[in-house]
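**Q** Per the UniProt record's numbering, residue 1 is the first one in the sequence shown, and the count goes up by one each step.
Just so it is clear, CB atoms sit at the ideal spot from N, CA and C, and this is done for glycine as well.
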Amino acid sequence: MIDPDRLRRLLGGTDTAWLIQRTRRRIELGQPLTGTITHNRPSPQERRAVESLLGRPPGRGTSLTVSLDEIDAALRRSGAHPDGLHAAVTLLLGPITHRASAETALAEAWDTALAPLATLIAQRPELRAWYDEPRTAALIRRIGGSPAEAAPLMVALARVLAGLPAAGVALSRYAADTTTDEHALDQGRPLAALALSAIRETWSTGDHPDTTPAQRRRALWDTVGVLLDELSSTVLALNLPAAPGTRLGRQVAVMVGEPVVLTLRQLAREPVRYTKAQVFVCENPAIVAAAADLLDADCPPLVCVNGQPSTATMRLLEALHHDGAELAYHGDFDWGGLRIANLLGSRIPWRPWRYTSADYLAAVAADQAGRALAGTPVDARWDPQLRDVMMAHGRRVAEERVLTDLLTDLTG
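1. How should Glu283 be labelled, buried or exposed, when 16 other C-beta atoms within 10 angstroms of its C-beta is the threshold for buried?
2. Note the first and the last residue of the continuous alpha helix (DSSP H) segment covering Gln278.
3. Thinking Leu264 and Arg216 are a contact (beta carbons under 8 Å), I'd like their distance in whole angstroms, please.
4. Comparing C-alpha positions only, which one of Glu258, Arg8, Trp382 sits nearest to Thr90?
5. Just to confirm before moving on: does the CB-CB distance between Leu153 and Gly163 stay below 7 Å?
6. Determine the closest residue to Ala170 out of Arg159, Asn239, Asp186, Cys304, with distance taken between C-alpha atoms.
7. For Ser67, which beta-bridge partners are listed by DSSP?
8. Verify the CB distance criterion: does Val279 have a CB-CB separation below 7 Å to chain B?
9. Run through DSSP, which three-state label would Tyr274 get?
10. Return yes when the Cβ of Thr202 is within less than 7 Å of the Cβ of Glu126, no when it is not.
11. Let me check understanding here. Comparing Cα to Cα, which of Ala242, Leu161, Ala277 lies closest to Glu270?
12. Where do the ends of the alpha helix (DSSP H) carrying Ala398 lie?
13. Is the beta carbon of Thr104 less than 7 Å from the beta carbon of Thr65?
14. With a CB to CB cut of under 7 Å and the five nearest residues on each side skipped, what residues in its chain are close to Ala290?
15. Please classify residue 416: does DSSP put it in a helix, a strand, or coil?
16. Are Ile20 and His81 closer than 7 Å when you measure CB to CB?
17. Let me know if Thr34 comes out buried or exposed under the rule of 16 or more other beta-carbons within 10 Å of its beta-carbon.
18. Rounded to the nearest angstrom, how far is the Cβ of Leu327 from that of Trp350, given a contact under 8 Å?
19. Hey, Val378 and Leu338: beta-carbon distance below 7 Å or not?
20. Unbroken beta strand (DSSP E) runs of length 3 or more, entirely within the region 43 to 107: which are they?
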């Protein structure tokens, strides 16, 4: 019969706490309660507690070495606990989890939570590299928390990824169709973070350093046919070479000679083919307006990025390039303009349109330069000399200041 009071007197005090904790550690690790344990700097009270437990002095050295086998036998012999040391420590501390067993159980719980995703990966091998990436497992555990919390998230993630690439559907609608929650893929939501990590690894050609986080997020979703800002993301164009027989082709034909503003929705909802052509690209809407006024239907295809390129702009330019268009770009001669041009060049090839160091020097010589350059200098990837030339003169050349030259080129 167990003697709880005697057991607590022998093992339950502060002077035997080190012994109890060492024993607990061994139980957690699945180690046998045999052999000896040593306490390097025991107090006199701790020595007396061991002496009371064993019924003999434990030794006089600076350290205290105790045989666990002796303690087990002493507990059985004294009647404090007839089942020995393991049972005694469990009675004092409560159930002790075997760590290896707990880790096995946790691993099995995670396997169960991840099962919907693992099933999808077996069907979609292109996702395998993302799934096997150690960062993916870490992200899932960080966002999911526990297996129980992660399980419904993995079900939703599998449904989201199973439908990709989509065919030009709005983000909110895609979220509703795959998860029943139209906000499930909103910025900051756990499911959105997981889905974007898979898109980035599986379908993206890489992040572009000159873009903002919001632009990179839009570009990632756009890569798989899911649209953010499908109506607010627009692009300004004149006389696009859209092939006849499509809705966009008919619209452009009706508006020939007039600038048109196209939404991302229009560009993404149906396949659009373009005839091979020379396409001019400018930074500022004033260039498009002036070209339409002067040249009307005779103006060659002209696209305006209107500052930092929108998703709609990039989709249009990429489609034009895909169908054989040669793109010629001009922008402001300032640091912001160079950044925009670098961004375009990281996505699509273009040749400079009066946008080299020689063109900058010609504009300065013609007194077309404006206010002083401001901001952080940036290299021009298409012209290694342009940065130094601009810094040497220190003046900005706005696109509108060389409008006459640009219109001359468009006149042909």
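**A** Taking the geometry as given:
1. buried
2. Counting along the chain, Gln278 falls outside any alpha helix (DSSP H), though it belongs to the beta strand (DSSP E) covering 278 to 282.
3. With a Cβ gap of about 16 Å, Leu264 and Arg216 do not count as contacting.
4. Arg8
5. no
6. Asp186
7. Thr36
8. Here there is only one protein chain, and chain B is not present.
9. strand
10. yes
11. Ala242
12. No alpha helix (DSSP H) holds Ala398; DSSP gives it neither H nor E.
13. no
14. Leu403, Leu407
15. This structure cannot speak to residue 416, because the chain is shown only from 1 to 412.
16. no
17. exposed
18. 4 Å
19. yes
20. 64 to 67
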